[in-house]
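Residue numbers (numbering that gives the first Met the number 0): 0 to 157. Step one of this worksheet: look at the structure below.
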Amino acid sequence: MLLAGGLSWLGKHFAKVEVVAGQPVVQQQHIPMLKAIAEGLLDPALPTTGRTQSIESAVNAFVDASRTLAPSAQAELGQLLNILENPVGRRLIADLGSSWEQASPAQVQAFLVSFRDHPIPALQPGYHALHDLMMAGWYGLPSQWTDMGYPGPPFQAL
Numbered sequence: 000m001l002l003a004g005g006l007s008w009l010g011k012h013f014a015k016v017e018v019v020a021g022q023p024v025v026q027q028q029h030i031p032m033l034k035a036i037a038e039g040l041l042d043p044a045l046p047t048t049g050r051t052q053s054i055e056s057a058v059n060a061f062v063d064a065s066r067t068l069a070p071s072a073q074a075e076l077g078q079l080l081n082i083l084e085n086p087v088g089r090r091l092i093a094d095l096g097s098s099w100e101q102a103s104p105a106q107v108q109a110f111l112v113s114f115r116d117h118p119i120p121a122l123q124p125g126y127h128a129l130h131d132l133m134m135a136g137w138y139g140l141p142s143q144w145t146d147m148g149y150p151g152p153p154f155q156a157l
């Protein structure tokens with residue numbers, strides 16, 4: 000009951016996200032959270048040297064990928080990011096009492112698994128949005144193609 004009430008309050012509190020053409024829906028306050036999520040999702044793929052720079056590249060690619068979404072999807076993403084960045088949302092949904100910056104990769108990974116498999120089906124698409132945008136951004140970086148054995152798009156080979 001408390002969870003439902005908290006989620007209802009969060010939804011109403013962050014229900015309106017205005018998308019302005021040319022401006023990213025990802026805001027500066029979302030960056031620490033996205034860095035934690037990038038590390039949680041990409042941990043096995045991240046290099047041991049240059050890890051911090053790779054996480055920043057992944058977040059930048061996430062931001063770029065989010066700009067390609069339809070305005071309605073950008074608004075939904077903005078609402079999700081606002082809820083997860085808010086201390087109440089972070090506690091209710093991510094079960095993190097501390098900030099995203101203080102969360103360990105294991106805590107973030109546990110959140111991601113519970114978010115993906117959440118018993119409230121309406122929350123599961125939030126996980127998929129974060130996962131898919133982060134993966135598309137990361138594996139869309141030309142610097143990652145060599146590790147995957149991908150030579151690049153055909154037009155680059157010409």
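Beta carbons are placed, not taken as given, at the ideal position from N, Cα and C, and that holds for glycine. Since we're looking at a predicted model, the values are computed, not measured.
Would you report the Cα separation of residue i and residue j, rounded to the nearest angstrom?
i	j	result
Pro120	Gln143	33 Å
Leu111	Gly88	14 Å
His127	Ala135	12 Å
Gly151	Pro141	7 Å
Leu91	Asn85	10 Å
Ala74	Tyr149	33 Å
Met32	Phe154	36 Å
Met0	His29	Low per-residue confidence applies at Met0: pLDDT is 49, beneath 50, and the placement is therefore not dependable, though the value from the model is reported in the following sentence. So the two alpha carbons sit approximately 28 Å from each other.
Asp146	Ser98	33 Å
Ser53	Leu45	7 Å
His117	Phe61	23 Å
Ser113	Pro70	28 Å
Ala93	Pro43	21 Å
Arg66	Thr47	29 Å
Which residue comes first and which comes last in the alpha helix (DSSP H) that contains residue i?
i	result
Pro31	Ile30 to Leu41
Gln73	Pro70 to Glu84
Val24	Note, Val24: premise wrong, no alpha helix (DSSP H); not H, not E.
Pro141	Pro141 to Met147
Arg66	Element bounds for Arg66: n/a, residue is neither H nor E.
As a quick exercise: from the options, pick the residue whose alpha carbon is nearest that of residue i.
i	options	result
Ser200	Gln28, Ala35, Gly139 and His29	Outside the displayed range of the chain (0 to 157) lies residue 200, so it cannot be described from this structure.
Gln27	Arg50, Asn81, Pro43 and Pro70	Asn81
Ser56	Tyr138, Asp146, Tyr149 and Met147	Tyr138
Ala23	Gly39, Val58 and Leu45	Checking the sequence shown, residue 23 turns out to be Pro, not Ala. Nearest of Gly39, Val58 and Leu45 to Pro23, Cα basis: Val58.
His130	Leu41, Ser98 and Val25	Leu41
Thr51	Glu100, Leu95 and Pro118	Glu100
Asp63	His117, Met147, Gly125 and Val25	Val25
With a cut-off of 8 Å on the beta carbons, I'd call residue i and residue j a contact; round off their distance for me.
i	j	result
Gln123	Arg115	6 Å
Gly49	Gln108	Wrong, their Cβ atoms sit about 21 Å apart, outside the cutoff.
Met133	Ala72	Not quite, the Cβ-Cβ distance comes to about 15 Å (not below 8 Å), so this is no contact.
Leu76	Leu83	Contact flag wrong, Cβ pair sits at about 11 Å.
Leu95	Gly125	That pair is no contact at about 15 Å.
Could you tell me which whole alpha helix (DSSP H) segments of length 4 or greater appear in the segment 91 to 139? 104 to 115 and 123 to 138
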